[in-house]
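Student:
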Amino acid sequence: MPEASDKTAAMKSRLLPILRDGVEVVKMVFFLRLKEELTTKHPALDRAAIPRLAGAVLNELFGGVSPDPAWTAFRDQHLELIEQTLADLPRTMIAMCIPVSDALRMAALCDHQESGQDTTAILARARDLGVLLVDRELPLPHRFLDLARRLGKAHGLIVPPLADR
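In this note's numbering, the protein residues as written are -9 to 155.
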């Protein structure tokens, strides 16, 4: 029986990094789309602030914390705008609610499998914001990866391999 558990562990160790890559693709697409939305919504905002604001919103949504003091200062200085942007996401970024819901759940699953870390607070916050679609079931890994692949390809983040000549 130890052989079966070794195979399961080996499969998990290969699958989790692939799922994490899918989560990162969804996050990159979300970041790109949010930058576009923020540029339109806040034309008076400094051009350099738009990517920082999008990054800060992304970090808040996915529970990321930047150790960089410049990012921390930006977050503290713009917390009200970050919170307002988060509150507006279900309305302004509705097309991203499905991929973000799936990515948040996959990230939580990976965190739990890799380190036993409980990231349900991140899911609860996304739910409370209206971004996490509660009625949506957790997709199978291949369906999530297909979604991430399609999103990445549509936004030029994933280039299909060239055919052999």
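Even glycine gets a Cβ: it sits at the ideal position worked out from N, Cα and C.
Go to isoleucine 72, then tell me how far its alpha helix (DSSP H) extends in each direction, as first and last residue.
Tutor: Run containing isoleucine 72: 69 to 82, per the alpha helix (DSSP H) assignment.
Student: Is leucine 123 near the ligand FMN, with its Cβ less than 7 Å from a heavy atom?
Tutor: The ligand FMN is not among the ligands present in this structure, which contains no ligands whatsoever.
Student: Of the choices His68, Leu130 and Leu137, whose alpha-carbon is the least far from that of valine 90?
Tutor: Checking every option, the nearest Cα to that of valine 90 belongs to Leu137.
Student: Measure the alpha-carbon distance for valine 149 versus isoleucine 8 and round it to whole angstroms.
Tutor: About 16 Å.
Student: Return the CA-CA distance between leucine 35 and isoleucine 88, expressed in angstroms with no decimal places.
Tutor: Approximately 29 Å between the Cα atoms of the pair.
Student: Taking three-plus beta-carbon pairs below 8 Å as touching, is the stretch 96 to 109 in contact with the stretch 10 to 19?
Tutor: Result yes; three or more Cβ-Cβ pairs closer than 8 Å.
Student: Can you give me the start and stop residues for the alpha helix (DSSP H) that glutamine 103 sits inside?
Tutor: Unbroken alpha helix (DSSP H) run through glutamine 103: 87 to 105.
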